[in-house]
Amino acid sequence: MNYKPPHKLVDLTAKVIGDFGRWQLRVCLLMALLKLPNAWYQLNIVFMAPPQDFWCVKPENIKYSEEKWRKICAPIVERHPCLIYDPDMLAIIPDIDRELIPLVACKRFVYDKTVFNRTMTSDWDLVCSKHWLVHLTQCILMWGILLGGIAFGLLADKYGRKTPLMVGIVIQSVCSYIASFMPWYWWFLLNWFVLALATGGIGIISFVICMEVVSGKYRTTIPILYQLPFGLGSTVMAGLAYWLRDWRKLEFGLATLSALFIFYWFMITESPRWLLATGQTEKALEVLKSAAKFNNVKFDVNELDFLAKSKAQNVQKPPGFKVFFRSKNMRLKTMLLSINWFCTGLAFYTFSQYLGEIGGYIFTVVALTGIISVFGGIVCYFIITNVGRKTTVAIFQLSTALCFVLLLVIPKEMFANDWPRLLTAGLGFAGMGINQP
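Note that UniProt numbering gives residue 55 to position 55 of the sequence shown, counting from 1, and the numbers run on in steps of one.
Have a look at this one:
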């Protein structure tokens with residue numbers, strides 16, 4: 001049977017397997033599940049270095065009880081656990097007026113283990129003059145995610161989507177295992193940066209795969225639904241942290257869960273759009289035929305072969321980064337979306353760094369924040385299908401800003417379990433996730 005060529009080239013992927021079917025659902029679900037480890041590693045600083053009471057170690061020559069020592073060792077007017085009254089003078093003259101005793105810097109600390117048995121803070125004494133290292137840890141993570149998205153994006157364009165994605169998954173799980181055992185902070189930080197590179201790469205490639213397998217109206221809704229497992233991931237992590245109460249055990253557990261995604265090598269295929277774009281027609285046809293059968297879509301073999309060959313003959317060199325600045329419309333959109341992502345990223349970094357400061361029981365805060373963000377994403381799905389993406393982004397940008405303002409206004413411990421602050425934080429968390437796509 002001879003096939004009559006069409007007047008113009010069509011979207012081959014959509015024509016063969018449809019805009020959305022069982023095969024696309026499977027691929028998108030697998031990619032969305034990768035948001036679970038994405039959430040774990042972006043938010044686990046909350047459980048790795050949570051707010052934790054500490055005080056100076058009692059010297060051996062001090063005969064006070066531990067409770068009395070804790071009460072008298074630091075300044076009275078403004079308690080400062082980093083400074084203590086000179087213990088040598090206290091040992092010599094126990095009844096001396098403490099205001100006459102000079103203050104000295106504390107060198108060793110004891111940590112409150114009521115909630116957590118072990119944290120990064122207690123392992124490496126990241127308090128007082130070294131407290132900034134906690135913030136550096138999260139800062140390095142965010143820079144790694146940024147650079148990882150760029151680096152893995154370039155690799156995915158050159159070598160395909162599947163291989164760089166799998167490399168990222170392996171690096172992420174291996175580095176997480178290493179982090180759980182690393183005894184030195186600076187080597188941990190270097191390893192953490194490599195893990196962040198992989199996390200950023202996984203996030204960008206999995207999102208691209210979702211967008212490349214769907215077509216039509218689903219390219220508007222899939223980015224929203226793709227974000228839902230992120231909130232679920234934070235809830236799962238909160239449960240695991242509650243059970244373990246040890247940051248190294250938590251990291252080991254998250255590494256083990258992340259390692260399960262290595263089996264994706266046997267579960268996913270290369271993106272057919274990338275194969276077609278790079279002229280690998282035969283491999284693209286193989287993937288498309290398999291997907292069409294999975295979707296129960298009938299296709300004409302001769303038509304498919306002809307369209308694939310036509311597509312291969314018309315493969316053009318990618319336009320590159322300059323395409324975003326060729327027209328006034330594209331320049332404006334690029335600038336506005338870049339500002340949107342910058343503001344959202346800055347807000348997310350701040351939020352994740354200080355999530356433990358919201359109030360209430362830290363495990364409940366993280367778990368419920370994740371659950372609220374999932375419901376927020378579902379609500380967004382129905383909004384975006386009715387009013388469009390532009391209006392939806394505007395609504396949730398304003399709502400996110402309002403949530404952060406309310407967090408400044410609503411006082412701590414005024415309500416039971418700080419539920420207004422918790423609800424506000426959850427809605428703000430959901431808004432940030434919605435604004436990113």
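Think of the CB as a built atom: it goes at the ideal place given N, C-alpha and C, for glycine as much as any other residue.
- T137 places its beta carbon less than 8 Å from that of I45.
- Distances from the alpha-carbon of A241 to those of I384, N191, V365 and F404 put V365 closest.
- When rounded, the separation of the alpha-carbon atoms in A179 and L285 is 42 Å.
- A contact is defined here as three or more CB-CB pairs under 8 Å, and the region 326–337 fails this definition with respect to the region 42–57.
- Excluding sequence positions up to five before and after F375, its CB lies within less than 8 Å of the CB of A430, all in the same chain and listed in chain order.
- One Cα belongs to F263, the other to L257, and the distance between them is close to 12 Å.
- For the set L43, P223 and K15, the Cα lying nearest the Cα of A238 is the one of L43.
- The three-state secondary structure of L103, taken from DSSP, is strand.
- Taking a cut-off of 8 Å for Cβ pairs, the region 113–122 and the region 162–171 do not touch, as fewer than three such pairs fall below it.
- By the CB criterion at 8 Å, F20 and Y218 fall inside the cutoff.
- Bridge pairing for F109: C56 [DSSP].
- The Cβ-Cβ distance between N38 and T199 falls below 8 Å.
- R389 has its alpha-carbon roughly 24 Å from the corresponding atom of T13.
- The Cβ-Cβ distance between I145 and L189 does not fall below 8 Å.
- One thing to note: S338 has its Cβ no nearer than 8 Å to the Cβ of A255.
- Residue pairing from DSSP places I84 in a beta bridge opposite V104.
- Taking 4 residues as the shortest admissible run, the region 219–280 contains the following complete alpha helix (DSSP H) segments, listed from N- to C-terminal end: 228–244, 247–259 and 272–277.
- DSSP places R118 in the strand class (E or B) of the three-state scheme.
- Between V287 and G18, the CB-CB gap reaches or exceeds 8 Å.
- Here K298 carries a coil assignment [DSSP, helix/strand/coil].
- Apart from the 5 residues on each side of it in sequence, A156 sits with its Cβ closer than 6 Å to the Cβ of P164 and I205 in its chain, given in chain order.
- Annotation for R248: S180 place their beta carbon closer than 6 Å to its own, counting only its chain and skipping 5 residues before and after.
- Under the three-state reduction of DSSP output, L34 falls in the coil class, being neither helix nor strand.
- For A367, the closest alpha carbon among the candidates M31, F54, W419 and Y381 is that of W419.
- The beta carbon of L355 sits closer than 6 Å to the beta carbons of V46 from its chain, once the five residues preceding and following it are set aside; these are given in chain order.
- Between L36 and P229, the C-beta spacing is below 8 Å.
- E413 is classed as exposed because its beta carbon has fewer than 16 other beta carbons within 10 Å across all chains shown.
- The continuous alpha helix (DSSP H) containing N191 extends over residues Y185 to V213.
- In its chain, beyond the 5 residues on either side, T235 have a beta carbon closer than 6 Å to the beta carbon of I371.
- In this structure, V213 and S271 form a Cβ contact; the two beta carbons are roughly 7 Å apart against a cut-off of 8 Å.
- Per the C-alpha coordinates, the member of G160, I362 and Y361 positioned closest to L275 is G160.
- If you compare the alpha carbons of I209, L232 and W187 with that of R26, the shortest gap goes to I209.
- Contact between I224 and Y381 holds, since their C-beta atoms are separated by about 5 Å, short of 8 Å.
- L126 is positioned such that its CB atom lies no closer than 8 Å to that of A105.
- Taking C-beta separations shorter than 6 Å and ignoring five residues to either side along the sequence, the partners of L34 in its chain run I202 and S206, following chain order.
- Excluding five sequence positions before and after W265, the CB atoms of its chain that fall closer than 6 Å to its own CB belong to M166, given in chain order.
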